[in-house]
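See below for the structure under consideration.
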Amino acid sequence: MVSDIAHELRTPLTNIRGWLEAAQDGIAVPDAALISSLQDQALLLQHIIDDLQVLAAADAGTLRLHPERLVVREVVEQVAAAHRADAQSAGVTVLTHIAGDPVVHADPVRLRQALGNLMSNAVRHTPPGGTVTLTAHCGVDEVEIQVADTGSGIQPEDLSKVFDRFWRAEKSRSRRTGGSGLGLSIVRQLVEAHEGKVSVTSVPGTQTVFTVRLPAGR
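Position one of the sequence shown corresponds to residue 76 (my numbering), numbered consecutively onward.
Here is the structure:
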């Protein structure tokens, strides 16, 4: 894992150093475009560090939740709205469908983080013209939230690995195109911290569905 972390940190750091040295040598002009590029790389580093902090806290049993009564419809719509612009720029349609009025007792920030990670993953793996759909409904004693995409899908032999840290379906993917490899691990940790479960099913080349099941609130 330390080797994986070093690899993830090395790329943005190398990019930052390379551009700064180029600017120092007069090869690159420190204009607005360069500054924006350096800021993007710094944000990538910050995102990796934030992800690692969440996982470290979960491993140590110190991940703190601040649960409250949440109307799932509101949470789902917030997550969809937050990712709709990025999805549209990628040519992906975001849809929502909530049956009834499901309620959970959960930490609003952490639940949005978990669903947001699933949304980011779904949009990233869905080609232009595809669709990402968030649905929610009440079960007998639980609330089920699903994030489904019409993307590239996951091979059957890889389904058991998707929540592993630093695992990517396409080994050739860089962080920019394939994420940090930590997002789905964080989803699992956050859902389990809420005494829930997360699972995935997929038909390669057709559809992938991530399902989060949480105890129903009152």
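For each residue, glycine too, the CB sits at the ideal point set by N, CA and C.
DSSP three-state label for A211, please. In the structure shown, A211 sits in a strand (DSSP, three-state: E or B).
F241 vs V273 beta-carbon contact at 9 Å: Against a cut-off of 9 Å, the Cβ pair of V273 and F241 comes out as no contact.
Just the Cα atoms here: how many angstroms apart are S277 and G228? C-alpha separation (whole angstroms): 6 Å.
Sequence-distant residues of its chain with Cβ nearer than 6 Å to Q221 (five each side left out): Contacts found: T210, V284, T286.
CB contact flag (D126, V146, <9 Å): Going by C-beta atoms, D126 is not nearer than 9 Å to V146.
Under the assumption that L119 contacts P142 (Cβ atoms under 8 Å), give the Cβ distance between them as a whole number of angstroms. Wrong, their Cβ atoms sit about 31 Å apart, outside the cutoff.
Return the chain-ordered list of same chain residues with a C-beta closer than 8 Å to the C-beta of L109, the five sequence neighbours on each side being excluded. The answer, listed in chain order, is W94, A98, A103.
Beta-carbon within less than 6 Å of S78's beta-carbon, same chain only, minus the 5 sequence neighbours each way: which residues are those? The answer is none, since no qualifying residue turns up.
Put V266 into one of helix, strand or coil per three-state DSSP. Helix, per DSSP.
Three-way DSSP call (helix, strand, coil) for G280 in this model: DSSP, reduced to helix, strand and coil, places G280 outside both helices and strands of the structure shown, so it counts as coil.
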